[in-house]
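Numbers 154 to 193, taken from our numbering, label the letters of the sequence shown in order. Glycine included, every Cβ here is placed at the ideal spot set by N, Cα and C. Predicted, not measured: the structure shown is a model, and the values here were computed from it. Notes follow once the structure below has been shown.
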Amino acid sequence: AALQLRAEAEERQVEGARTALVHGTGGACGQMHCVLVLGR
């Protein structure tokens, strides 16, 4: 996500990317969640 917002994603770059959403899970049975909304 950070690479997209910094326009450093090379061939995977989404032109004009200004906002990104990142989601991650962890812990036993996926009990922990984290969501980040990043903007430029």
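message: Less than 7 Å between C-beta atoms, sequence neighbours within five positions excluded: which residues of the same chain meet that for L158?
response: If we look at L158 and ignore the five residues flanking it on each side, its Cβ neighbours are A170, A173, L191 and R193.
- prompt: Quick one: what's got a C-beta closer than 6 Å to V188's C-beta in the same chain, skipping five residues either side?
  reply: Take V188, set aside five residues on each side of it, and the residues of its chain with a beta-carbon closer than 6 Å to its own are H176, in chain order.
message: Could you give the first and the last residue of the continuous beta strand (DSSP E) run that contains A173?
response: DSSP places A173 in the uninterrupted beta strand (DSSP E) bounded by T172 to G179.
query: If you run the structure through DSSP and keep just helix, strand and coil, what is G196?
result: Since the displayed the chain opens at 154 and closes at 193, residue 196 lies outside it and no answer follows.
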